[in-house]
Structures are given as C-alpha cells and as structure tokens.
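Novice: So the sequence shown is numbered by full-length UniProt numbering: it starts at 1 and just counts up by one.
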Amino acid sequence: MLTDFLLVLTYALLPAGGNLIGVALAEHLRSPRWVIGAALHGAAGIAIALVAVDLMPRILETIPMWVIVIAFLCGAGFSLLLWQGARALRGQFGGTRTGALMVYIVIGADLFSDGLMTGAGSAITSDLGLLIGMTQAVANIPGGFATTKNLQDNKVPRGRRWLLCFFMFLLVAASATMGFWLLGGQNDFVQHAALAFIVGLLLLATIEDMIPEGDRPQPSRWISTLSFAGGFVGLSLAVAYLSL
1 MLTDFLLVLT YALLPAGGNL IGVALAEHLR SPRWVIGAAL HGAAGIAIAL
51 VAVDLMPRIL ETIPMWVIVI AFLCGAGFSL LLWQGARALR GQFGGTRTGA
101 LMVYIVIGAD LFSDGLMTGA GSAITSDLGL LIGMTQAVAN IPGGFATTKN
151 LQDNKVPRGR RWLLCFFMFL LVAASATMGF WLLGGQNDFV QHAALAFIVG
201 LLLLATIEDM IPEGDRPQPS RWISTLSFAG GFVGLSLAVA YLSL
C-alpha cells in the first residue's frame, strides 16, 4: 500500500511540475505587459474548461443536483473567505493587490483539484492517475507563467515568488494524499461532492479575480479573446484525447 501511495505522489507532482515549467519561463523571459493579460485570459480559459468539460460531466453523472448546489455554494463561500484572507495578507507581499493574490489562489485551487483527482483516480487504477497527472501537467504550464508574470508586475520579490511556487508542490501532495487515503476509499457520492465544492471555489475566483486581473494590462480584445479560447480549446482537447 505504501508503494502505491508513493506512486500516487509521483503522479500528483506532474501537474505541479508543469506549473514549475511555466514559472521558470516567466522568470527568464522578458515580455511586454499585454502578454501578462493574454496569459491570464488563457489560464482563465483553462480553468473554465476544467469545470465545463472535465469536472461537471463527472459530477452530473454521479450525484443529485441538490448536493451539487449545496457543495457549489460552500465552495463559492470559501472563495470569499480566501479573498478576505488575501486582503489581510497584502502587507506581507509589499502591498500587492488582492486580485493578484487571488490569481495565485485560482491556480492553487486548480492544482488542488488535480491532486485530488489524481489521488482518487489512482486509488481506482494507477493508469487513470497517470493519465490525469500527465494531462494536467501540460495544462498547468500557462497557469504558472501567468501567475508569476502577474506577481512580477505587482513587484513581489523574486524569492517570495519562488516560495509561492514551491508551496504549490506541498498543496498538490496534500490534496493527492487526501484523494488517495480519504476519498479513494469513499463512495462516488463523497468524492464528487468534494469536486463540486472545488468547482464553486474555482469558478468564483476565476470570474471575480483572474479575468479582471487579465483585463488590467489592457490587452487588445482580439488577443484576450484568442487567449481565452485557446486555453479552453487546449484543455478540452487534452481531456478528450489524453484522458480515459
């Protein structure tokens, strides 16, 4: 069982590895400010596609609508608590805007759901966990890039940016552990109620915080539209052709 768990952790760290690649690209590539807006819109498209194409179809097939609604509202309420927490933490990040920290939280929620699905999926079959991990690794490269560029734009010191990046690995490891040990042994009802909670958190934070942050650098409309559509289509194709 321990060997299986270590294998799950390896699979779960693949999405965090994709995020790390995006962070490294952002740290070493100089780009105009409109690129930040384009990257954030692309990451928003990925987050919306994750909900619409991957998470919600799983959820709707498994649990009744009243459970989905309650779990969604709890997730939405939790996003509000995170927003209040981000406001309280602004002083620790040089007065960084709350919206910029919420972008980081959106990516964190995305990675948390990746780890949760990888852990729960691996409890069913290791092949499913590997495919989920590989799919989300590719999808998280733009998210890591967008988050880091946005933190750079808000003058967050480089050391703290890397600290936030490596915190993502701890987040994914924790969520994969939860998925494997807690949700893996539960019935589908509990697993998918947890995913509905994540949907509420992810959607609200994306719409309320990530997209407004993407509009702030004022990228042209065609760039933001193509970026959002590209993110949505890219993840949709990955889910369709790389997942079970």
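Heads up, the beta-carbon is just placed ideally off N, CA and C, and yes, glycines get one too.
Relative to the alpha-carbon of L80, which residue among A240, M134, G214 and A205 has its alpha-carbon at the smallest distance?
Specialist: A205
Novice: Does E213 pass the burial test, meaning 16 or more other C-beta atoms within 10 Å, or should it be called exposed?
Specialist: buried
Novice: Pull up the CB-CB distance for A39 and A146, whole angstroms please, since I reckon it's below 8 Å.
Specialist: 4 Å
Novice: Residue ranges of each alpha helix (DSSP H) run of no fewer than 4 residues wholly in the region 157–217, ordered along the chain?
Specialist: 158–177, 188–205 and 211–215
Novice: Give the range of the alpha helix (DSSP H) segment to which P57 is assigned.
Specialist: M56 to L60
Novice: Going by the C-beta, is C74 closer than 6 Å to any heavy atom of the ligand FMN?
Specialist: The ligand content of the structure shown is nil, which means the ligand FMN is not present either.
Novice: Just the Cα atoms here: how many angstroms apart are F228 and I211?
Specialist: C-alpha separation (whole angstroms): 10 Å.
Novice: I need the straight-line Cα distance from N187 to I63, nearest angstrom please.
Specialist: Distance from the CA of N187 to the CA of I63, rounded to the nearest whole angstrom, comes to 11 Å.
Novice: Restricting to Cα atoms, I'd like to know which of T225, S220, L235 and L202 is closest to F72.
Specialist: For F72, the closest alpha carbon among the candidates T225, S220, L235 and L202 is that of L202.
Novice: According to DSSP, is L14 helix, strand or coil?
Specialist: helix
Novice: By the 10 Å Cβ neighbour count, where 16 or more other Cβ atoms means buried, how is L116 classified, buried or exposed?
Specialist: So L116 ends up on the buried side.
Novice: How is the alpha helix (DSSP H) around L40 delimited, first residue to last?
Specialist: R33 to A49
Novice: Determine the DSSP secondary structure at L73, reduced to helix, strand or coil.
Specialist: helix
Novice: Hey, how far is the Cα of E208 from the Cα of I105?
Specialist: 12 Å
Novice: If you run the structure through DSSP and keep just helix, strand and coil, what is N140?
Specialist: helix
Novice: What separation, rounded to the nearest whole angstrom, lies between the Cα atoms of G200 and D110?
Specialist: 12 Å
Novice: By a C-beta neighbour count over all protein chains shown, 10 Å radius and 16 as the cutoff for buried, is Y11 buried or exposed?
Specialist: buried
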